[in-house]
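Undergrad: There's a structure below that I have some questions on.
4 protein chains.
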Amino acid sequence: MTELSVLRPAKQRRMTREEKARDTYMRILEAAAQVVGEDGYADASVSKITRLAGVAQGTFYNYFESRQHIFDKLLPHMGQQMLDHIRTAVPAGLTGADREEARLRAFFDYLNRHPAFYRILYEAEIFAPKAHDEHFRVLVEGYRGALNRAVERGEIRGYDEQELEAVIYMLLSARAYLAMRYVHDGRGGTGPIPEHVVDAYVKLVTRGLFGS
Amino acid sequence: MTELSVLRPAKQRRMTREEKARDTYMRILEAAAQVVGEDGYADASVSKITRLAGVAQGTFYNYFESRQHIFDKLLPHMGQQMLDHIRTAVPAGLTGADREEARLRAFFDYLNRHPAFYRILYEAEIFAPKAHDEHFRVLVEGYRGALNRAVERGEIRGYDEQELEAVIYMLLSARAYLAMRYVHDGRGGTGPIPEHVVDAYVKLVTRGLFGS
Amino acid sequence: MTELSVLRPAKQRRMTREEKARDTYMRILEAAAQVVGEDGYADASVSKITRLAGVAQGTFYNYFESRQHIFDKLLPHMGQQMLDHIRTAVPAGLTGADREEARLRAFFDYLNRHPAFYRILYEAEIFAPKAHDEHFRVLVEGYRGALNRAVERGEIRGYDEQELEAVIYMLLSARAYLAMRYVHDGRGGTGPIPEHVVDAYVKLVTRGLFGS
Amino acid sequence: MTELSVLRPAKQRRMTREEKARDTYMRILEAAAQVVGEDGYADASVSKITRLAGVAQGTFYNYFESRQHIFDKLLPHMGQQMLDHIRTAVPAGLTGADREEARLRAFFDYLNRHPAFYRILYEAEIFAPKAHDEHFRVLVEGYRGALNRAVERGEIRGYDEQELEAVIYMLLSARAYLAMRYVHDGRGGTGPIPEHVVDAYVKLVTRGLFGS
DNA sequence: AATGAATGAGAGTTCATTCAT
DNA sequence: GATGAATGAACTCTCATTCAT
Numbered sequence: 001m002t003e004l005s006v007l008r009p010a011k012q013r014r015m016t017r018e019e020k021a022r023d024t025y026m027r028i029l030e031a032a033a034q035v036v037g038e039d040g041y042a043d044a045s046v047s048k049i050t051r052l053a054g055v056a057q058g059t060f061y062n063y064f065e066s067r068q069h070i071f072d073k074l075l076p077h078m079g080q081q082m083l084d085h086i087r088t089a090v091p092a093g094l095t096g097a098d099r100e101e102a103r104l105r106a107f108f109d110y111l112n113r114h115p116a117f118y119r120i121l122y123e124a125e126i127f128a129p130k131a132h133d134e135h136f137r138v139l140v141e142g143y144r145g146a147l148n149r150a151v152e153r154g155e156i157r158g159y160d161e162q163e164l165e166a167v168i169y170m171l172l173s174a175r176a177y178l179a180m181r182y183v184h185d186g187r188g189g190t191g192p193i194p195e196h197v198v199d200a201y202v203k204l205v206t207r208g209l210f211g212s
Numbered sequence: 001m002t003e004l005s006v007l008r009p010a011k012q013r014r015m016t017r018e019e020k021a022r023d024t025y026m027r028i029l030e031a032a033a034q035v036v037g038e039d040g041y042a043d044a045s046v047s048k049i050t051r052l053a054g055v056a057q058g059t060f061y062n063y064f065e066s067r068q069h070i071f072d073k074l075l076p077h078m079g080q081q082m083l084d085h086i087r088t089a090v091p092a093g094l095t096g097a098d099r100e101e102a103r104l105r106a107f108f109d110y111l112n113r114h115p116a117f118y119r120i121l122y123e124a125e126i127f128a129p130k131a132h133d134e135h136f137r138v139l140v141e142g143y144r145g146a147l148n149r150a151v152e153r154g155e156i157r158g159y160d161e162q163e164l165e166a167v168i169y170m171l172l173s174a175r176a177y178l179a180m181r182y183v184h185d186g187r188g189g190t191g192p193i194p195e196h197v198v199d200a201y202v203k204l205v206t207r208g209l210f211g212s
Numbered sequence: 001m002t003e004l005s006v007l008r009p010a011k012q013r014r015m016t017r018e019e020k021a022r023d024t025y026m027r028i029l030e031a032a033a034q035v036v037g038e039d040g041y042a043d044a045s046v047s048k049i050t051r052l053a054g055v056a057q058g059t060f061y062n063y064f065e066s067r068q069h070i071f072d073k074l075l076p077h078m079g080q081q082m083l084d085h086i087r088t089a090v091p092a093g094l095t096g097a098d099r100e101e102a103r104l105r106a107f108f109d110y111l112n113r114h115p116a117f118y119r120i121l122y123e124a125e126i127f128a129p130k131a132h133d134e135h136f137r138v139l140v141e142g143y144r145g146a147l148n149r150a151v152e153r154g155e156i157r158g159y160d161e162q163e164l165e166a167v168i169y170m171l172l173s174a175r176a177y178l179a180m181r182y183v184h185d186g187r188g189g190t191g192p193i194p195e196h197v198v199d200a201y202v203k204l205v206t207r208g209l210f211g212s
Numbered sequence: 001m002t003e004l005s006v007l008r009p010a011k012q013r014r015m016t017r018e019e020k021a022r023d024t025y026m027r028i029l030e031a032a033a034q035v036v037g038e039d040g041y042a043d044a045s046v047s048k049i050t051r052l053a054g055v056a057q058g059t060f061y062n063y064f065e066s067r068q069h070i071f072d073k074l075l076p077h078m079g080q081q082m083l084d085h086i087r088t089a090v091p092a093g094l095t096g097a098d099r100e101e102a103r104l105r106a107f108f109d110y111l112n113r114h115p116a117f118y119r120i121l122y123e124a125e126i127f128a129p130k131a132h133d134e135h136f137r138v139l140v141e142g143y144r145g146a147l148n149r150a151v152e153r154g155e156i157r158g159y160d161e162q163e164l165e166a167v168i169y170m171l172l173s174a175r176a177y178l179a180m181r182y183v184h185d186g187r188g189g190t191g192p193i194p195e196h197v198v199d200a201y202v203k204l205v206t207r208g209l210f211g212s
């Protein structure tokens, strides 16, 4: 493992103190993301993170109160990126099952581009439960709005509000496990999602939700 | 935490050397299950486990090569219990969506009776990935047989074999997340699954898979 | 803990460079006194002191060579205040045991008004031994003069010069321990000295020194 | 600093496990006493202590919960030795001021033989306050009994019970400060107490307490 | 003169594992 | 086979001090 070159801004004239601080903060955070992505939270020691970030161990504690503290920041940081990616990648006009398909593809696409994200997200359930819950809450709320609109448009029938929440959990979980099974190969590597997996998802959702 | 009394066999006559060894092995394994269930893998120290099992720390290494080793045994041991429970609980004659519903209820029922199992199972993805994969493989194979039969009976249409596998993953994942969300309350405790959650699951599966 | 407002001079016209420096020096010194008084030398970090003084950490080292250095200044600074207080509080005409009693009361009175002083003084034996010795030297010399005059006046008999020094140490030590035992309650708080303690001291000194 | 040879028992036949454990415990405790005696509590690191005791750092924590914990054991351990020494050294028949003198000499004698004790005792006020209080309590109670008997015998007159407690504090404090001033030379070394100091103490106590 | 980010040595503590008894 | 004392590597975190700005 060597120093991160990412995010090291081209040495334009000069950086103000504040900019430099912001830079250091980001370098540590990105280093943590990479280490957790590769080794998991349990093996993400402060020493590994700072070595990768190219700063002294003590510097870590100028920016984060504790090891747990940076873990709690990781998912919010990366999760926002993911949501932005999905929002951008899903065409505005899409509705119904087409929208679902686009979202699934965008999710897998993001995972392929940011292989570290999978571990950061799914281990967070254990190592940063607060952050994980919050992330989930955001996802669920976003979904709820979309499904409610689909109900209003008459695309979805036969589910009351409580049931829809359960459905959202199922759809989110489906994404997660499909990612575990089909995006990740044995160790470390990732690949594009097979078409038949998308087909299965879309079929299940189309019939099951937007049915007949 | 005090010594386990579970599994301490009634002191009939005498135990053969072999029986005693088997007994000690089981005591340690059960103690590990309880500790992991309560504190998670990360905090399940050898010392906690042996203290609970009522043996010396050194004894642990007469039965398990390492801490990781016992973690790898945990899920196979508990997972078999779960499968037995589900198999027993689901009436033989049921097919189609009714069978799915019965399986879901049996799963949640098991979780309620064995609260430790949830952590053992879901943290295994991180702390005992080999065992987790194997456990999943067994579940998937069992499922595959059942769904193939449903296909043969004409209950399921429009999914090829590969797609069915993806569907299985989605159903398994649905269980997992619904458990996380609806069985577990904030800290430690569990409760029965709400009816509307079962309804949503059944509806989605009926329409999506078995649907006309 | 918030910034000290003490000693912040009313913002008259303007401060000369020198005045400002003097002001900063005093602000840091007073902050150190407060922190040591509350948390003890061991927990009086430079960061706590500068935070309380309202200056940057680096500023500290413009005024004091090291943390130890400011500790060495603390007792001389506060000790002088105490001596001034006692000198002022003890009526000029008193002699003999009456004078002793007045001094004891003045000492306890100072302690009650400046609760931080106790820790600064007594922990100095450990954390600033040089300063402690010097402080003691000053006290002893002051005492020696007084007792010598008492000898000359014939109030004290039967002690040679060396013995008188030992007596001085005993009287000073008595003060200290009586303070520890009777002025300080369990944690932090202080109260007036009980009368019977003063009585015991006066009796012992009257009979023992100024005796018969 | 090298390994302690003290207390390493002559290698008689064999040591039972229990004996060996006791031995290790004592070796660590004695090492701690020596380190604290030389460097003070603040600089008595676990690493220094275990190095001197000739055990691994981890071993320390098999015997003491924490660094603070061993500090809390130090004074009780050494204090008992001191009391035993004084009790043994003071002839049984002595009473009144003679007894006081004998006690003072025994105290200084112990200090000379165990130079580490001074720091252990007097820094305990700061670093092991609980132990210090307890030690003081024991000393005071012992004293109180002796003085009460002296009152009954009519050797002491004019002090009520509360006043006598204050007197005890003054006598104990006198010992302590006289030790600081006259037993310890500049750094580390010790010497016998000068006769004139004993004389001063005896004179003060005789006149002040037992005085006709 | 003032700042505050960066440093790095060193602290206390934990714990999986070993091995002589 | 059972024991439990001993180990030592690794961890997180603190903080006095420096120095470029």
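One line per chain: the protein sequences are V, L, H and Z, in this order.
Each residue of the first sequence is one higher than the one before, starting from 1 at the first, in UniProt numbering.
Each residue of the second sequence is one higher than the one before, starting from 1 at the first, in UniProt numbering.
Each residue of the third sequence is one higher than the one before, starting from 1 at the first, in UniProt numbering.
Each residue of the fourth sequence is one higher than the one before, starting from 1 at the first, in UniProt numbering.
By construction, the Cβ of each residue, glycine as well, lies at the ideal position given by its N, Cα and C atoms.
1) Exposed or buried, what is Tyr182 of chain V when buried is set at 16 or more other beta-carbons lying within 10 Å of its beta-carbon?
2) Just to check, is the beta-carbon of Phe108 of chain Z closer than 7 Å to a non-hydrogen atom of the ligand NAP?
3) Against chain L, with Cβ distances strictly below 8 Å, would Met15 of chain V count as a contact?
4) Please list the partners that Asp98 of chain H has in chain Z, where partner means a Cβ-to-Cβ separation under 8 Å.
5) Distance cutoff 8 Å, beta carbons only. Does Tyr63 of chain V sit that close to anything in chain L?
6) Is Ser66 of chain V close to chain L? Criterion is C-beta to C-beta, closer than 8 Å.
7) Would a check of beta-carbon distances place Val36 of chain L closer than 8 Å to chain V?
8) Nearest chain L C-beta to Ser173 of chain V closer than 8 Å, yes or no?
9) Does DSSP put His135 of chain H in a helix, in a strand, or in coil?
10) Could you tell me the distance, in whole angstroms, from the CA atom of Arg99 of chain H to the CA atom of Leu209 of chain H?
11) Check whether the Cβ atoms of Ala179 of chain V and Phe108 of chain V sit closer than 8 Å, and answer yes or no.
12) So is Leu178 of chain V in contact with chain L if we call contact Cβ pairs under 8 Å?
13) Using 8 Å for Cβ pairs, my map puts Arg17 of chain Z next to Leu104 of chain Z. What's the rounded Cβ distance?
14) For the stretch 148 to 158 of chain Z against the stretch 66 to 81 of chain Z, do three or more pairs of beta-carbon atoms, one drawn from each stretch, fall closer than 8 Å, so that the two count as touching?
15) How would you write the range of the alpha helix (DSSP H) that Tyr41 of chain H sits in, first residue to last?
16) Find the nearest neighbour of Val197 of chain Z within the set Z:His77, Z:Ala166, Z:Phe127 and Z:Glu101, judged by alpha-carbon distance.
17) With a threshold of 8 Å between beta carbons, is Lys203 of chain L in contact with chain V?
18) Shortest alpha-carbon distance to Lys20 of chain L belongs to which of L:Gly79, L:Arg51 and L:Thr59?
19) What does the alpha-carbon distance come out to for the pair Glu195 of chain V and Lys73 of chain L?
20) I need the straight-line Cα distance from Pro115 of chain V to Gly96 of chain L, nearest angstrom please.
21) Return the chain-ordered list of same chain residues with a C-beta closer than 7 Å to the C-beta of Leu75 of chain L, the five sequence neighbours on each side being excluded.
22) Compare the Cα-Cα distances from residue 235 of chain H to each of H:Leu171, H:Ser47 and H:Met82 and report the closest residue.
23) If you drop the 5 nearest sequence neighbours on each side, which residues of the same chain put their C-beta closer than 8 Å to that of Val140 of chain Z?
24) To which residues of the same chain is Val35 of chain Z closer than 7 Å at the C-beta, ignoring the five residues directly before and after it?
25) Going along chain H, which residues have a C-beta under 7 Å from Ala42 of chain Z?
26) Name, in chain order, the residues that DSSP records as bridge partners for Thr190 of chain H.
27) Ignore the nearest five residues each way along the sequence and tell me which others in Leu111 of chain V's own chain have a CB closer than 8 Å to its CB.
28) Give the DSSP-derived three-state secondary structure of Val36 of chain L in the structure shown.
29) What are the boundary residues of the alpha helix (DSSP H) that includes His69 of chain L?
30) From the DSSP output, in three-state form, read off Ile126 of chain L for me.
31) Round the Cβ separation of His85 of chain V and Ala106 of chain V to the nearest angstrom and send it over; I've been treating them as touching at under 8 Å.
32) Please classify Arg207 of chain L as buried or exposed, where buried requires at least 16 other C-beta atoms within 10 Å of its C-beta.
33) State yes or no: is the C-beta of Ser126 of chain Z within less than 8 Å of the C-beta of Gly40 of chain H?
34) Along the chain, where does the alpha helix (DSSP H) containing Tyr61 of chain H start, and where does it finish?
35) Chain H beta carbons: is any one of them nearer than 8 Å to that of Arg207 of chain Z?
TA: In short, the structure shows the following:
1) buried
2) Among the components of this structure there are no ligands whatsoever, and the ligand NAP is therefore not found.
3) no
4) Simply none; closest approach about 17 Å.
5) no
6) no
7) no
8) yes
9) helix
10) 13 Å
11) yes
12) yes
13) Not quite, the Cβ-Cβ distance comes to about 45 Å (not below 8 Å), so this is no contact.
14) no
15) No alpha helix (DSSP H) contains Tyr41 of chain H, which DSSP labels as neither H nor E.
16) Z:Glu101
17) yes
18) L:Thr59
19) 36 Å
20) 38 Å
21) Ile120, Leu121, Ala124, Ala128, Ala131, His132 and His135
22) With chain H running from 1 to 212 in the structure shown, residue 235 of chain H is simply not present.
23) Glu165, Ile168, Tyr169 and Leu172
24) Ala44, Lys48, Ile49 and Leu52
25) Ala42
26) H:His184
27) Phe117, Tyr118, Ala179, Val183 and Thr190
28) helix
29) Arg67 to Ala89
30) helix
31) 6 Å
32) buried
33) For the sequence presented, residue 126 of chain Z should be read as Ile rather than Ser. In this structure, Gly40 of chain H lies closer than 8 Å to Ile126 of chain Z by Cβ.
34) Gln57 to Tyr63
35) yes
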